[in-house]
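Position 28 of the sequence shown, counting from 1, maps to 15 under the numbering used here, and the rest follow consecutively. For glycine and all other residues, C-beta sits at the position ideal for the given N, C-alpha and C. This structure is a prediction, so every number in the text was calculated from the model and none was measured. Have a look at the structure below before the remarks.
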Amino acid sequence: GDPTGRAVRTTADGWEITDTGVPLFRRTALTGPLPEPQRGGTLDSLWPIVNVAIEDRPIVAAWLVSLFMPNVPHPIAGLFGEQGTGKTCAGKILSLIVDPSPVPVRKAPRDADSWVTAASGSWVVALDNLSLVSDWLSDTLCRAVTGDGDVRRQLYSDGSLVVFAFRRAVIVTGIDFGAVRGDLADRLLPIDLHLIEESRRMEERDLWPRWNALHPGLLGALLDLTAGVIGILPSVCLE
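Listed below in structure tokens is the structure:
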């Protein structure tokens, strides 16, 4: 996402930064540059700043790896916890790891049209502080992770059409959605956040400089893990 046009190529043999044979990536106003990944990092440095329960950490790591595989549906990462568990912060960080943006989390769309406009400009879409999931939003979220689209008339034309077709990775945060429809429940990956003790709580002015310092190593560690997953995927058989 920087002006150089470089990209990271990841295979079962590892990853490298390259500027040759790079596929075309679509950039929007929501596209920010990734840091140059560093080798030798570890995902262990992620957990103190996202407050994910220990038993959910492998699930979060697997979800993050899946973000580098755009041709598969992704479960909706649901960050749940009471007030004071750092849901918004965790949503921002999980989004920023692979898809930096000036707006890492956003409010829920007011209708399906505004959703298509906003979601088509990002790869990871994080919706913050949902308290109620309406029927239309439930349907919209389900379509977004399996494949969504819309057709509109092009502005200032009589018959020309503009087609939006996309699949997205989605994060939602909230205290409790209440009852959700079955199709959304099937796609939802609930991740529990525990209450942060006062002695462990960080100020925003301390958190984000720490995040900026950790990001290159975390990205490198995630790419290492992704390369390992690519290597074993052909031998994985789910009964």
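query = So which of 70, 157, 193 has the shortest CA-CA distance to residue 183?
reply = Residue 70 is the option with its Cα nearest to residue 183.
Other residues of its chain near residue 210: CB distance less than 7 Å, five sequence neighbours each side excluded = Same-chain partners within the cutoff: -5, -3, 2, 24.
ask   = Looking at residue 162 and residue 66, is the spacing between their C-beta atoms short of 7 Å?
value = Not in contact: residue 66 and residue 162 (Cβ atoms no closer than 7 Å).
request  = Output the residue ranges of the beta strand (DSSP E) runs that lie fully inside the segment 100 to 140 and measure 3 residues or longer, sorted by chain position.
outcome  = Complete beta strand (DSSP E) runs here, min 3: 111 to 114, 135 to 140.
query = residue 3 lies in the beta strand (DSSP E); which residues open and close that run?
reply = Where residue 3 is concerned, the enclosing beta strand (DSSP E) starts and stops at 1 to 5.
inquiry  = Measuring only the C-alpha atoms, how far is residue 190 from residue 89?
reply    = Distance between the alpha carbons of residue 190 and residue 89 is about 20 Å.
query = How many Å lie between residue 112 and residue 53 at the Cα?
reply = Cα to Cα, the separation comes out at about 15 Å.
key: Three-state class that DSSP yields for residue 86 in the structure shown   = It is coil, neither helix nor strand.
ask   = Does the distance from the CB of residue 155 to the CB of residue 134 come in under 7 Å?
value = It is not a contact, given that the beta carbons lie outside the stated cut-off.
ask   = Secondary structure at residue 178, three-state DSSP: helix, strand or coil?
value = The answer is strand: DSSP assigns residue 178 an E or B state.
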